[in-house]
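Single-structure report; data block below.
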Amino acid sequence: MTVQQPNPTARPVKPTSKLRTTLWLLVSLVVVAAFWSVDIKWSALADFPAQLIKYVGLMLFPPDWSKFGEAFMATILSVQMAWIGTVLGIIISFPLSFLASKGLAPRAVNAPLRFIFAVIRAVPEVVIAILILSVTGLTPFTGALALAVGSIGTLGKWGYEAFEGVDPGPKEAVRSTGGGTLALIRWGVWPSAAPEVLSFWLYRFEINVRASAILGLIGAGGIGKMLQDNVQFRNWDAVGMLLIVVVVVTMVIDQISGAVRNKLIHGTWRAPRLAS
Amino acid sequence: MEHTAADIRFSDVSVTYPNGYTGLKNINLTIPAGEMVGIVGLSGAGKSTLIRTINGLVPITSGSINVGAHQLNGRGGTQLRGKDLRELRSNVGMVFQSFNLAKRTTVLNNVLMGRLYHSPAWRTLLGAWKNDDVELAMAALERVEIVPKAYEKASSLSGGQQQRVAIARTLAQRPQVILADEPVASLDPPTSHVVMRDLQRINAELGITVVVNLHFLDLARRYSDRLIGLRSGEVVFDGAGADADESVFENIYGRSLTAEDVLGNKAEL
Amino acid sequence: MSTSVTSSPQPQPKTQRPTKPRHGAKSLAAVVLLVAITIWAGIGVQVDLPAIAANWRNATTNIIQLLQPDYGFFPKTIPALLETLQMAVIATVIGSALSLPLAFLASRATNPRPKLLAGVRFVMNMIRSVPDILFASILVAVVGVGALSGIMALVLFNVGIIVKLVSESLDGEDAGAQEAALAAGASWPKANRAAMLPQILPSFASQVLYTFELNIRASTVIGLVGAGGLGILIDNVRSFFRYHELSLIILEILVLVLVLESLSAWLRKKLV
Numbered sequence: 203m204t205v206q207q208p209n210p211t212a213r214p215v216k217p218t219s220k221l222r223t224t225l226w227l228l229v230s231l232v233v234v235a236a237f238w239s240v241d242i243k244w245s246a247l248a249d250f251p252a253q254l255i256k257y258v259g260l261m262l263f264p265p266d267w268s269k270f271g272e273a274f275m276a277t278i279l280s281v282q283m284a285w286i287g288t289v290l291g292i293i294i295s296f297p298l299s300f301l302a303s304k305g306l307a308p309r310a311v312n313a314p315l316r317f318i319f320a321v322i323r324a325v326p327e328v329v330i331a332i333l334i335l336s337v338t339g340l341t342p343f344t345g346a347l348a349l350a351v352g353s354i355g356t357l358g359k360w361g362y363e364a365f366e367g368v369d370p371g372p373k374e375a376v377r378s379t380g381g382g383t384l385a386l387i388r389w390g391v392w393p394s395a396a397p398e399v400l401s402f403w404l405y406r407f408e409i410n411v412r413a414s415a416i417l418g419l420i421g422a423g424g425i426g427k428m429l430q431d432n433v434q435f436r437n438w439d440a441v442g443m444l445l446i447v448v449v450v451v452t453m454v455i456d457q458i459s460g461a462v463r464n465k466l467i468h469g470t471w472r473a474p475r476l477a478s
Numbered sequence: 033m034e035h036t037a038a039d040i041r042f043s044d045v046s047v048t049y050p051n052g053y054t055g056l057k058n059i060n061l062t063i064p065a066g067e068m069v070g071i072v073g074l075s076g077a078g079k080s081t082l083i084r085t086i087n088g089l090v091p092i093t094s095g096s097i098n099v100g101a102h103q104l105n106g107r108g109g110t111q112l113r114g115k116d117l118r119e120l121r122s123n124v125g126m127v128f129q130s131f132n133l134a135k136r137t138t139v140l141n142n143v144l145m146g147r148l149y150h151s152p153a154w155r156t157l158l159g160a161w162k163n164d165d166v167e168l169a170m171a172a173l174e175r176v177e178i179v180p181k182a183y184e185k186a187s188s189l190s191g192g193q194q195q196r197v198a199i200a201r202t203l204a205q206r207p208q209v210i211l212a213d214e215p216v217a218s219l220d221p222p223t224s225h226v227v228m229r230d231l232q233r234i235n236a237e238l239g240i241t242v243v244v245n246l247h248f249l250d251l252a253r254r255y256s257d258r259l260i261g262l263r264s265g266e267v268v269f270d271g272a273g274a275d276a277d278e279s280v281f282e283n284i285y286g287r288s289l290t291a292e293d294v295l296g297n298k299a300e301l
Numbered sequence: 003m004s005t006s007v008t009s010s011p012q013p014q015p016k017t018q019r020p021t022k023p024r025h026g027a028k029s030l031a032a033v034v035l036l037v038a039i040t041i042w043a044g045i046g047v048q049v050d051l052p053a054i055a056a057n058w059r060n061a062t063t064n065i066i067q068l069l070q071p072d073y074g075f076f077p078k079t080i081p082a083l084l085e086t087l088q089m090a091v092i093a094t095v096i097g098s099a100l101s102l103p104l105a106f107l108a109s110r111a112t113n114p115r116p117k118l119l120a121g122v123r124f125v126m127n128m129i130r131s132v133p134d135i136l137f138a139s140i141l142v143a144v145v146g147v148g149a150l151s152g153i154m155a156l157v158l159f160n161v162g163i164i165v166k167l168v169s170e171s172l173d174g175e176d177a178g179a180q181e182a183a184l185a186a187g188a189s190w191p192k193a194n195r196a197a198m199l200p201q202i203l204p205s206f207a208s209q210v211l212y213t214f215e216l217n218i219r220a221s222t223v224i225g226l227v228g229a230g231g232l233g234i235l236i237d238n239v240r241s242f243f244r245y246h247e248l249s250l251i252i253l254e255i256l257v258l259v260l261v262l263e264s265l266s267a268w269l270r271k272k273l274v
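Chains as they are written, first to last, in my numbering: chain A, 203 to 478; chain B, 33 to 301; chain C, 3 to 274.
So, in structure tokens, the structure goes:
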């Protein structure tokens, strides 16, 4: 059935923002320039699928099972580096992140600490390791120390963000009973922030497990060292074995750490279903 | 805008949920094209289930439902699926209690969701809508008197305005039927009347069949041609609003009426 | 105890005090476990504090060298610096373009097929568990030394991160509009595009910028295995103990990352 149209009113015009358009244009320009100027023979991509199949075959079909023990020990050493790095990072960053929180320490202390965290976050772990190398000599401990320093940057930042983000209610409650700064931290801030902060620690451990691999390249041992040794002599089946062990061990660690993080945040070992 | 209305026929429809809960029991109903029907009952009586069987959001366990030329069957019967199910749904608009808008995008984009079935995939992907579809969406916004807000973010609108955008979204479908599941439950009394009047006007002017779930008895009686009362998944009343007196409502609700069952006359526009 | 408490008119009846719930055994076990792991790991990595003291003299000379960057070296680092930037930009663009559809496949809010969902998630977990340096070494072998292998390694690294974070924000998103789109006859892909994409776009955009920051940092190091960028240079100067030059490279990384971080924070504010 046909009905009478309502009188058409004026249609609003689509609004545009000049700044946004300009910014998008600039971003696109940078992207185009990067693609255009980069020194890459894109034609190499044509052989890529065939080459990939070849190398996957060399690595995984079959992997060198006799290297299983070596691969497992290398991975464990990297995990140990990650663990020690995380523990040391926590010990150092924990008090520092309180000092970097506004309201818990003077501004004059907050600002330089935050700058130090930012600088540390800007430097890759392997560069930190090269710096530390000269102090400790070439041992896995160097790697652990580099990860510890690297962890201070992120843990420090996440820490003060968590402490500043806690609900002001309990803080006021502690203040109103006449508590000092230490009491405020212990009873007004820590109880609310603890689950989040503990979960950050675990998350940083997961990151360190991945980051520890690269440290072997400069001689700290573990995954990186075994990788370098075998790539050098093109022992691809040994690299394949290492790849399998690294993936399995990392996935197991992620599962455990993820379950503990869920337990800390949601109270259950498995993530709750949010949307159905 | 051209609209054809569709009739709806329930033949012995039952719904049993996977957990064993009975949603609907042997429903037989015929809703002629162009009628405005209000469905009342306590929460849990099966109002929402009834409405959601009509567009296949809740699959029926037995019996069959005819919506215009389409038929939905219970288990064992031919199932409407894929493209056929989507075609049925494109003919049936739905308004929800909590508006169900994508709040971070514009009002116009929300209304254009009513055109998704008819638009080719590449157009939806790029957001390159046909001019006809944009005009249809604008006309739909016009009908609910909200056109000037077309390019504003949905989140910036009030609850009543958001529900009217949702109604415009169903209009953009050019539907044969509009289903409304507690459309005013999240709104204040004056806004409730505005939204109900919009639905009534759409029914009267466009002749679209409208089925609306309502908790408030007075709203239901006032805005619908016909009332259907549900209790424990069964139809316990079916008749004109005028025939539904206190005793009928007490039968539907299984208890005497309280102030919470009526919206009241306060602040009518 | 006296019953004549003057301050309260009625004597408070003494109820039974609840006993403090005991978590003692469990907490103790957890602490013991953590300490044991730490000791085991400490032995593994050969924690050696005396060595630090012994090496300190050696270290101070190096540190003094490091504090005096050789600015004359700067022109020689420009090509590598540019390559690092190019790699980061290109990898971010390709990585985010691939991640967006994958994120929709990896969220239970947007993928109605349980088997496909489980499959996509498994592959994504696997990709995320491979260290970027391992990808880079293998890809250098497959496509040769240079920026291409680096970009590919970064793309894999980015897909792992973005898909995880964006699919998690999809999981937490209100699915109301999507339900409405499906009820209007849209297919799942169309409903996801129209109803879910606008909702997660801001979080996607900030993930992309965050990934760009990670890429700048990562692209400085994957060169250590020959995958292009500043890393190759780091490897060269490090092997020959040219600490003045190393110091300049570190300074460059520092400035680059800090500048780009603030640029990306600013862009995030303007564009999202």
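By construction, the Cβ of each residue, glycine as well, lies at the ideal position given by its N, Cα and C atoms. From a predicted model like this one, the values you see are computed outputs, not experimental measurements.
Expressed to the nearest angstrom, what Euclidean distance is found between the alpha-carbon atoms of residue i and residue j?
i: A:S219; j: C:G174; result: 30 Å
i: C:G162; j: A:G426; result: 20 Å
i: B:S218; j: B:Y255; result: 18 Å
i: C:P20; j: A:P393; result: 22 Å
i: A:R436; j: A:S336; result: 31 Å
i: C:N217; j: C:L156; result: 7 Å
i: B:A212; j: B:G239; result: 16 Å
i: C:T5; j: C:K16; result: Its pLDDT being 49, under 50, C:T5 is placed unreliably in this model, and the value from its coordinates should be taken loosely. Using only the alpha carbons, I get a separation of about 11 Å.
i: A:P264; j: A:D439; result: 7 Å
i: B:S154; j: C:W190; result: First, the residue type needs correcting, since residue 154 of chain B is Trp and not Ser in the sequence shown. Cα to Cα, the separation comes out at about 14 Å.
i: C:I255; j: C:L199; result: 35 Å
i: B:A272; j: B:P91; result: 29 Å
i: A:F365; j: A:R412; result: 27 Å
i: C:T94; j: C:L84; result: 15 Å
i: B:L251; j: C:L172; result: 37 Å
i: B:A37; j: B:V69; result: 14 Å
i: C:I135; j: A:A422; result: 15 Å
i: A:V462; j: A:S401; result: 8 Å
i: B:K185; j: A:A385; result: 45 Å
i: B:Y183; j: B:Q194; result: 13 Å
i: C:M3; j: C:K22; result: Annotation note: pLDDT 43 at C:M3 (below 50); position unreliable, no value reported.
From the DSSP secondary-structure annotation, give me the bridge partner or partners of residue i.
i: B:F42; result: B:L61, B:I97
i: A:A235; result: A:A235 is not bridged to any residue.
i: B:D213; result: B:N245
i: B:T262; result: Going by the sequence as given, residue 262 of chain B is Leu instead of Thr. According to DSSP, which records beta bridges pairwise, B:L262 is partnered with B:V267.
Which bits of chain A does residue i rub up against, with CB to CB less than 8 Å?
i: C:M128; result: V449, M453
List the residues of chain C that residue i touches, going by C-beta distances under 7 Å, in chain order.
i: B:V205; result: Residue identity differs from the one stated: residue 205 of chain B is Gln in this sequence, not Val. Those within 7 Å of B:Q205 in chain C are A186.
i: A:R316; result: Per Cβ cutoff of 7 Å: no residues; A:R316 is ~12 Å from chain C at best.
i: A:P251; result: Neighbours of A:P251 on chain C: none; closest Cβ ~10 Å, over 7 Å.
Taking residue i as the query, report the chain C residues whose CB atoms sit under 9 Å from its CB, ordered along the chain.
i: B:A153; result: S189, P191, K192, R195
i: B:L157; result: P191, K192, R195
i: A:M283; result: A43, G46, V47
Give me the chain B residues within the contact set of residue i, using Cβ-Cβ distance strictly less than 9 Å, ordered along the chain.
i: C:G181; result: Note on residue identity: the sequence assigns Glu, not Gly, to residue 181 of chain C. Here the neighbours are L89, M126, F128, N132.
i: C:Q201; result: A134, K135, R136, T137
Report the neighbours of residue i on chain B: residues whose CB is nearer than 8 Å to its CB, in chain order.
i: C:G178; result: F128, S130, F131, N132, L133
i: C:L204; result: Before going further, note that residue 204 of chain C is Pro rather than Leu in the sequence given. Within chain B, the residues near C:P204 are R136.
For residue i, return the contacting residues in chain C, with the cut-off set at a CB-CB distance below 8 Å.
i: A:T341; result: V47, Q48, D50, A53
i: A:A246; result: V145, G146, L150
Please identify, using Cβ separations under 7 Å, the residues of the segment 162 to 194 of chain B that lie next to chain F, in order along the chain.
Absent from the structure: chain F. Protein chains present are A, B and C.
Of all the residues that make up the segment 213 to 224 of chain A, which are near chain B by a beta-carbon distance shorter than 7 Å?
R213, P214, K216, P217
Scan the segment 66 to 142 of chain B and note each continuous beta strand (DSSP E) run of 3 residues or more that stays entirely inside, going in chain order.
Whole beta strand (DSSP E) segments, 3+ residues: 68 to 72, 94 to 99, 102 to 105, 124 to 127.
Quick one: which residues of the segment 93 to 118 of chain C get their C-beta closer than 8 Å to a C-beta of chain B? List them in chain order.
Residues passing the 8 Å Cβ filter: none.
The segment 212 to 245 of chain C: positions lying closer than 8 Å to chain A by Cβ
R219, A220, T222, V223, L226, V227, I236, R240
Segments assigned beta strand (DSSP E), at least 3 residues, entirely inside the segment 341 to 372 of chain A:
none
Note down, one range per segment and in chain order, each beta strand (DSSP E) of at least 3 residues found wholly within the segment 144 to 193 of chain B.
Runs of the beta strand (DSSP E) inside the segment 144 to 193 of chain B: none found.
Listed in chain order, which residues of the segment 129 to 141 of chain C have Cβ atoms closer than 7 Å to some Cβ of chain A?
Hits within the stretch, in order: S131, V132, P133, I135, L136, S139, I140.
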